[in-house]
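Comments concern the structure below.
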Amino acid sequence: GSASFESLLKQSCLVRRVVCLPCWGTDAAYLTVWNARVADSQKGCDASSSPAAGYCSVQGCNCPALRRSLHARMLQYCSQECFEKHSVQRQSTLALHMVDSTGPGLQFDDKRHFMDISCSKKQGLP
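Using the numbering used here, the first residue of the sequence shown is number 485, and each one after it goes up by one.
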């Protein structure tokens, strides 16, 4: 989609479900299911569901991701805790993408491994 479509989607809809798509490559890591906003009170809600930002890769965590892997874009996490919980699945994903994960492996806070995708950084907010 385009930036204008993404903007329209965030203004008029709320994300209801996120489904991981681990075999779709690194650019289509998940599917989002949206519903139209039904009340005026929802119009001011921040739809922290930007397809550009995404959600944490840990199953059951619905938090917006703060960091995304530079080696496999489908790996994105909201916190160090979720990064650690997802260790076994991350190793499988990296192997699927033929990324060598032997040795010390990926580090959540290392800019060579993960990029910041938080909305506040994108919008120039503190």
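We treat Cβ as the ideally placed atom computed from N, Cα and C, and that holds for glycine.
Inter-residue CB distance, Ser541 and His570 (contact presumed, cutoff 8 angstroms): Right, the Cβ-Cβ distance comes to about 6 angstroms (below 8 angstroms), so this counts as a contact.
What is the DSSP secondary structure of Thr516, reduced to helix, strand or coil? Reduced to three states, the DSSP call for Thr516 is strand.
Using alpha carbons as the reference points, say which of Phe598, Leu492, Ala487 lies closest to His555. His555 has its Cα closest to that of Phe598, out of Phe598, Leu492, Ala487.
List the endpoints of the continuous alpha helix (DSSP H) containing Arg574. If you look at Arg574, you'll find it in the alpha helix (DSSP H) that goes 571-580.
Hey, how far is the Cα of Leu498 from the Cα of Pro588? Each residue's CA atom was taken as its position, placing Leu498 and Pro588 some 39 angstroms apart.
From the DSSP output, in three-state form, read off Met564 for me. Reading off the sequence, residue 564 comes out as Gln, not Met. Here Gln564 carries a helix assignment [DSSP, helix/strand/coil].
Since Met599 sits in a beta bridge, which residues does DSSP pair it with? Met599 is bridged to Arg552.
Tell me whether the beta-carbon of Leu559 lies closer than 9 angstroms to the beta-carbon of Thr577. Yes, the pair counts as a contact, with Cβ atoms nearer than the cut-off.
Tell me the DSSP bridge mates of Arg501? Val517, per the DSSP bridge assignment.
For Ala579, collect the residues of the same chain with a Cβ closer than 8 angstroms to its Cβ; drop the 5 residues on either side in sequence, then sort them by chain order. These residues qualify, in order along the chain: Ser585.
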